[in-house]
Structure formats: structure tokens, C-alpha cells
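Notes for the one structure printed next.
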Amino acid sequence: LTIQVETKSPQLSQQIAKRLVQLLNDFLLTKSQTKGSVKASFSEKRLQEGRAELDRAEETFRKFLTINRNYAVSPDPEVRLKGLRLENELKLQTQLVTSLALSREDALLQEKNDMPILNILDEGNLPMNKSRPKRATNALLMGVLAFLGTLGWMRRHELKALLVKSLGD
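First residue of the sequence shown? That's 4 in our numbering, and the numbers climb one at a time after it.
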């Protein structure tokens with residue numbers, strides 16, 4: 004992307020170019036939404052949900068343990084089965100939260116990598132030479148116009164003399 008600004012004032016052109024670059028950079032940083040940022044926000048939301056589910060599973064298992072301290076050696080098979088199910092649910096929720104946390108970190112890294120970057124190669128310095136029109140071109144054009152004007156002026160007197168001569172005959 005090339006930004007060029009031409010005005011009568013070089014300082015004004017420089018200020019306009021710098022402001023345009025600044026506005027473009029601000030736009031890219033604030034308004035651009037990448038796949039990484041969408042994935043990161045989704046992962047963050049899902050991680051919060053997973054932590055809430057883990058908290059519920061822990062609370063359910065804690066309540067079960069307060070009532071049935073040694074459920075693994077209980078003579079009642081239903082108590083053992085319920086204890087194993089709650090323990091497995093707790094392990095599953097723990098693994099899920101761990102996986103979601105890793106996924107969120109990956110999405111955050113991807114978000115940083117997807118961020119559009121504006122590399123400024125030239126900051127819009129004041130020009131050393133005028134851009135247009137060049138002085139030599141103007142001088143040459145004025146010289147040609149002066150020559151044609153002089154030639155026309157001289158021919159005007161010759162045509163007038165010819166016309167007078169032909170009318171006189």
C-alpha cells in the first residue's frame with residue numbers, strides 16, 4: 004500500500020501523510036477481527052463454562068463423600084457404583100478444563116500471530132525536490148510560447164502589408 008499526498012505546501016503534505024498512516028494503523032488495531040480473536044473469545048467462554056461444571060462435579064462428589072466416606076469398600080453396590088460414577092465425572096471434568104485451558108492458550112497465541120501489522124517503510128519526510136512541475140519544463144514551455152508569439156507577431160505585419168498591397172493594385 005502506497006500513500007502519496009501532494010499539496011501546495013510540503014509541510015501540509017507531510018502532516019496529511021503521517022495522519023493517514025496513523026489512522027490506518029489505528030483502524031487495523033481496533034477494528035480488525037481475526038479468526039484467532041474469535042477462537043480466543045469462544046475458548047475463554049467455554050473454559051468458564053467448563054470450570055463451572057467442574058465446580059459442580061466437585062461439590063456433588065464432596066457431598067457424596069461426606070455421607071459415604073469409604074464408598075469403595077461399602078457393602079452396598081449402588082453406593083460403590085454411584086461413587087465411581089461421581090469420581091469418573093470429576094476426572095472427566097478435570098481433563099476437560101485442562102484441555103480447554105490449553106485450547107485457550109493456543110487461541111491466544113494464534114490471535115497474536117493473526118494480528119495485522121502495518122510496516123511503515125517511509126514516514127513521509129519532506130521532499131528534497133519539488134514533485135511537479137519541474138522548473139526546466141516550465142522554462143522550456145515559456146520559451147516555446149514566446150517564440151511562437153513573436154513569430155505570430157512578425158507574420159501579422161507581413162500579412163497586413165500583403166493585404167494593403169493587393170488592395171492597392
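Using N, Cα and C, we set each Cβ at its ideal position, and we do this for glycine too.
- The alpha-carbon of Asn128 is positioned some 54 Å away from that of Gly53.
- In this structure the region 42-52 does not touch the region 148-161; the number of beta carbon pairs closer than 8 Å is below three.
- For Phe64, same chain residues with a beta-carbon under 8 Å away, outside a window of 5 residues either side, are Leu89, Glu90, Glu92 and Leu93 in chain order.
- A direct Cα-Cα distance of roughly 43 Å separates Asn28 from Asp58.
- The three-state reading of DSSP puts Gly146 in helix, counting H, G and I together.
- Out of Asn122, Pro80 and Arg49, the CA that lies nearest to the CA of Thr5 is found in Asn122.
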